Each structure stands twice: as C-alpha cells, then as structure tokens.
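Here is the structure we will look at, set down as structure tokens.
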Amino acid sequence: DAGVIQSPRHEVTEMGQEVTLRCKPISGHDYLFWYRQTMMRGLELLIYFNNNVPIDDSGMPEDRFSAKMPNASFSTLKIQPSEPRDSAVYFCASRVDGHYEQYFGPGTRLTVT
Amino acid sequence: SQQGEEDPQALSIQEGENATMNCSYKTSINNLQWYRQNSGRGLVHLILIRSNEREKHSGRLRVTLDTSKKSSSLLITASRAADTASYFCATALTASKLTFGTGTRLQVTL
Numbered sequence: 005d006a007g008v009i010q011s012p013r014h015e016v017t018e019m020g021q022e023v024t025l026r027c028k029p030i031s032g033h034d035y036l037f038w039y040r041q042t043m044m045r046g047l048e049l050l051i052y053f054n055n056n057v058p059i060d061d062s063g064m065p066e067d068r069f070s071a072k073m074p075n076a077s078f079s080t081l082k083i084q085p086s087e088p089r090d091s092a093v094y095f096c097a098s099r100v101d102g103h104y105e106q107y108f109g110p111g112t113r114l115t116v117t
Numbered sequence: 008s009q010q011g012e013e014d015p016q017a018l019s020i021q022e023g024e025n026a027t028m029n030c031s032y033k034t035s036i037n038n039l040q041w042y043r044q045n046s047g048r049g050l051v052h053l054i055l056i057r058s059n060e061r062e063k064h065s066g067r068l069r070v071t072l073d074t075s076k077k078s079s080s081l082l083i084t085a086s087r088a089a090d091t092a093s094y095f096c097a098t099a100l101t102a103s104k105l106t107f108g109t110g111t112r113l114q115v116t117l
C-alpha cells in the first residue's frame with residue numbers, strides 16, 4: 005500500500021490567494037483527518053470525516069477554511085483567502101474503523117507571503 | 008489547546024543508552040498513543056496503551072500509564088542513531104479525536 009498521499013508537498017502563495025490541499029487516504033480506511041502543525045500551537049486537529057461525512061469541524065479556525073470529501077479516496081482542504089498566519093504544515097491522516105492508530109501522510113508545507 | 012505536555016522538550020544521548028520521555032495530560036482518556044516524527048516527515052504510530060492497561064511492550068519500546076497521575080512514559084532501550092526524531096504522545100478522549108502533546112526532540116549520537 006502506498007500509504008496516505010498528499011499533494012502538493014510544498015506550496016508557496018501570496019496573501020489573498022486560494023489554496024487547495026489534497027489527500028488520498030489508505031484504501032479501505034473509514035476515517036480521514038486533517039491536522040495543522042506549527043511551532044507555536046503544535047499539532048491541531050482541524051476536521052475529520054467518517055465514511056465521507058464531516059463529523060467534527062470544531063478545529064477549523066475560521067470560515068476561510070473548508071474541507072470536502074466527495075468520495076472515499078479523495079479529500080480537499082481549501083483556504084480562501086489565505087493569510088500569512090496560515091503558514092504551517094498540513095497533515096492528512098486516516099484510520100480504519102475498530103482501530104485507533106492513525107496513519108499520516110507526508111504533509112504539505114504551506115507558506116503564505 | 009494541547010492536552011499533553013512532554014518532558015523533557017529535548018534529550019540528547021549516546022547510541023546504546025536508554026531514552027525516557029514523559030507525558031502528562033489533563034482529562035480522562037480512552038487510550039494514549041505515542042508517535043514518532045522524523046524531520047520533515049509525517050507522524051508514525053509507535054504504540055497504543057489503553058486506559059485499563061499499566062504497561063505495554065513493543066520491541067525496544069516500553070510504555071507505562073498511570074491514570075491516577077495522568078501521566079505516561081515512553082522508554083526506548085538500546086537507542087540507535089536512527090531513533091533520532093521527535094516523539095509525541097497523543098491522548099484519545101474518543102476513538103477519533105486525538106490531542107497531541109508538545110513533543111520531545113530526541114538526538115542519538117554515535
């Protein structure tokens with residue numbers, strides 16, 4: 005199995021631009037998670053899905069952030085408009101129902117200038 | 008806000024020595040997990056201990072959990088240079104919501 009796949013690996017954009025991060029979970033996994041990691045705040049859960057349905061988005065910082073999961077093999081995290089404080093590494097993770105351990109992708113390093 | 012606080016923040020040891028990292032948390036948990044993160048990479052799950060367990064082993068890893076003190080420790084025995092990474096504890100209040108600690112940066116030198 006290829007593991008969790010994220011794209012792009014690096015993204016540099018200017019303030020005000022729309023950014024879309026992509027994730028392909030491990031095949032057969034029922035849960036998908038989006039995290040953000042910064043030096044100041046550590047690793048934070050933004051949102052998670054179960055069977056493509058958003059279950060808890062309480063970690064999404066504000067309305068500029070949105071996430072979708074149109075099917076079991078694809079999810080996006082969109083930031084519109086982006087701001088410099090959104091600069092961070094964004095991780096996608098997945099897990100299978102009945103097991104607690106999560107499998108993380110390599111992350112997308114976002115820099116907003 | 009972060010649930011877990013790890014101690015120490017950074018640890019430097021020589022190859023062959025044991026490394027111990029501690030994690031304290033604030034609320035009741037379902038389970039506690041430890042993850043490793045190599046520089047520039049994603050997190051990798053190491054071991055899980057349930058709230059009704061006190062100790063668990065996996066290879067060179069030993070995890071303890073003291074729910075009365077709300078603390079856990081991760082022991083890596085006979086460390087290797089390849090163990091150099093950041094280590095995070097993650098507490099699970101529910102099956103899905105993990106709250107990660109601040110991490111311990113481990114440096115293993117030859």
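Sequence lines, in order, name chains A and B.
The numbering used here applies: residue 5 is where the first sequence begins, and numbers increase by one.
The numbering used here applies: residue 8 is where the second sequence begins, and numbers increase by one.
The beta carbon of each residue, even a glycine, is placed where N, CA and C say it ideally should be.
Small disclaimer: the values here were computed from a predicted structure and weren't measured.
Quick one: any contact between the stretch 100-107 of chain B and the stretch 60-75 of chain B, if contact means 3 or more CB pairs under 8 Å? Flag = no, the stretch 100-107 of chain B and the stretch 60-75 of chain B do not touch.
Beta strand (DSSP E) containing A71 of chain A: first to last residue? In this chain, the beta strand (DSSP E) harbouring A71 of chain A covers F69 to N75.
Minimum Cβ-Cβ distance from F108 of chain A to chain B less than 8 Å: With 8 Å as the cut-off, F108 of chain A counts as an interface residue toward chain B.
If the criterion is Cβ atoms closer than 8 Å, does the pair N75 of chain A and N56 of chain A meet it? Cβ atoms of N75 of chain A and N56 of chain A: closer than 8 Å.
Pick from A:Q84, A:V93 and A:S86: whose alpha carbon is nearest that of M44 of chain A? Checking every option, the nearest Cα to that of M44 of chain A belongs to A:V93.
Measuring CB to CB, does L50 of chain B end up less than 8 Å from R61 of chain B? No, the pair does not count as a contact, with Cβ atoms beyond the cut-off.
If we ignore side chains and look at the alpha-carbon of each, how far apart do S8 of chain B and G111 of chain A end up? Because S8 of chain B carries a pLDDT of 45, less than 50, the predicted location of this residue cannot be relied on, and the following value inherits that uncertainty. Rounded to the nearest whole angstrom, the C-alpha separation of S8 of chain B and G111 of chain A is 21 Å.
Contacts that A17 of chain B makes with chain A (C-beta to C-beta distance below 8 Å): Those within 8 Å of A17 of chain B in chain A number zero; the least Cβ separation is about 14 Å.
Going by beta-carbon coordinates alone, are T1 of chain B and L39 of chain B separated by less than 8 Å? Lying outside 8 to 117, the shown extent of chain B, residue 1 of chain B is not represented and no answer is given.
Suppose contacts are defined by Cβ-Cβ distances below 8 Å. Is L114 of chain A in contact with F107 of chain B by that definition? The answer is no: Cβ separation not under 8 Å.
According to the Cβ coordinates, are C96 of chain A and L36 of chain A closer than 8 Å? Against a cut-off of 8 Å, the Cβ pair of L36 of chain A and C96 of chain A comes out as a contact.
Taking the continuous beta strand (DSSP E) assigned at K33 of chain B, which residues delimit it? From DSSP, K33 of chain B is part of no beta strand (DSSP E); its letter is neither H nor E.
Best match in B:G66, B:K77, B:S46 and B:N37 for proximity to S58 of chain B [C-alpha to C-alpha]: Per the C-alpha coordinates, the member of B:G66, B:K77, B:S46 and B:N37 positioned closest to S58 of chain B is B:N37.
Are T42 of chain A and P88 of chain A close, meaning C-beta to C-beta below 8 Å? Judged by their CB atoms, T42 of chain A and P88 of chain A are not nearer to each other than the 8 Å cut-off.
Would you please verify whether the beta carbon of E105 of chain A is less than 8 Å from any beta carbon of chain B? Output row for E105 of chain A: interface = yes.
Check for me: the beta strand (DSSP E) holding S80 of chain B runs from which residue to which? Segment S78 to I83, the beta strand (DSSP E) holding S80 of chain B.
Quick check on the burial criterion: 16 or more other C-beta atoms within 10 angstroms. Buried or exposed for K28 of chain A? The residue in question, K28 of chain A, is buried, as its Cβ has 16 or more Cβ neighbours within 10 Å.
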